[in-house]
Structures are given as C-alpha cells and as structure tokens.
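Working notes for the structure below.
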Amino acid sequence: MSVESHVRGLLESGDLPGAATEAIRGLGPDILRYLRSILRNEEDAADAFSQFAENLWKGLASFRGQATLRTWAFRIAWNVALNLRNEPWNRRGRRLLTGEASGLAEELRTKTVVRVARQQQALDKLRQSLSPEDQSLLALRLDQQFSWEEIAEVFSRSGKPIRAATLTKRFERLKDRLAQMAREQGLVD
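Taking this note's numbering, the leading residue of the sequence shown gets 1, the next gets one more, and so forth.
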C-alpha cells in the first residue's frame, strides 16, 4: 500500500495522529534530502525538517486532496525553507524539540544516514550562486523527479498559480546558464 493511500485511509477513519505519523515516516526521508539539497547546511535542514513535521502534523486535518499528499508535503517543505532563509533571526533562537512531531522528526533525522557525499566545491559554488527558487526547481525536478505539474503546485502561492509550461522554460534557461557558468569555470569543455 502506498504512503498516500495509507495516510488517506487513516484520515478517513479519523486517526489524525496515525496519518500524520505515517506521512512523516513515509515522506520524511525524501523531504529531508530535499531540504539538505536546497539549504546546504545540516543544522538548517534539521531545523527546517522539524518545522516541516510540525506544520504537516498541524495542517494534515486541512489537507483537501486537491494535490497529491507528496506534492502537498513538498509545498510545506518549500515554504518552511523559504521562511528559514527569509528570517535568519529564526535560526539564532534556541531549538525546542517538543511534541510528538518534533520527536518523530528528530528520530527520523538521526536514523537517516547522511548518504549525500559532498559534491565538488566548484559545482557546489555554481548551485549556491543560484536563487533559492532556481535551487528548489533543480532539486524538485532532478533529485525528487517531480512532474512539471507537481512543481507548479509546490511553487504556486494562494491566488498566484504558476503554469507548468513557465517552469519548463525556466528550467531550460537555467540549464543553459549552468552550462555556460561551468564552461567559464573550466568544469566542462
């Protein structure tokens, strides 16, 4: 049984804590990899993942199913990452690990072995030079293998939908720009 159908079944039966636990356990490793990829800092990714788990736990009751659970969860993760980047004072505060969701997030984070090897410094510099939106676009499309429609759902803000075709074109321009930057730095011929 897929995570999506299992969580929906638990929601339909009224087991919100069980649904939230299964959603975090089932989607958590991919979300954590995504956050590590776009935040590039283990501590920030851990903070973001903990906040993601809290937000998912609190918001699951309002999940309407208009998008897939996976897409909805990645939208939460993207918003958490944006908030973390946009509010650096938030990172300076003392980290509080309270509640079931934070405990579950910490358990999953510590169980997950850091498998992502450090990329070459030059390639990392290229990626870091991109805007947060471009970094997220790369991570969702390449690392998470999201469809264009799913990425559009993640990036859309209430009242401001983004078309998948717009993202496709942006991705093509981004690939060209990265290739040019790599050539300029002598990373490719």
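Even for Gly, the Cβ is constructed at its ideal location relative to N, Cα and C.
Check                                                                                                                                                                           : Outcome
Determine the direct distance from the alpha carbon of methionine 181 to that of phenylalanine 74, and round the result to whole angstroms.                                     : 29 angstroms
Which first and last residues belong to the alpha helix (DSSP H) in which glycine 59 is found?                                                                                  : 42–59
With a Cβ-Cβ cutoff of 8 angstroms, do isoleucine 151 and alanine 101 count as a contact?                                                                                       : no
Here's a check: name, in chain order, each residue in its chain whose Cβ is nearer than 6 angstroms to the Cβ of asparagine 55, leaving out the five neighbours to either side. : Ile76
Would you be able to state if there are at least three C-beta pairs under 8 angstroms between the region 55–69 and the region 160–170?                                          : no
Taking all protein chains shown into account, decide if alanine 165 is buried (16 or more other Cβ within 10 angstroms of its Cβ) or exposed.                                   : exposed
Where does arginine 25 fall in DSSP's three states?                                                                                                                             : helix
How close, in whole Å, do the beta carbons of arginine 60 and alanine 45 come, if the pair is a contact with beta carbons under 8 angstroms?                                    : The question names arginine, yet the displayed sequence has leucine at residue 60. Actually they do not touch by this definition, with Cβ atoms about 22 angstroms apart.
So, at 8 angstroms on beta carbons, what are the nonlocal neighbours of phenylalanine 146 in its own chain, with the 5 sequence-adjacent residues on each side left out?        : Thr71, Phe74, Leu140 and Val154
Of the residues Ala179, Leu84 and Lys160, which one's Cα is nearest the Cα of proline 132?                                                                                      : Leu84
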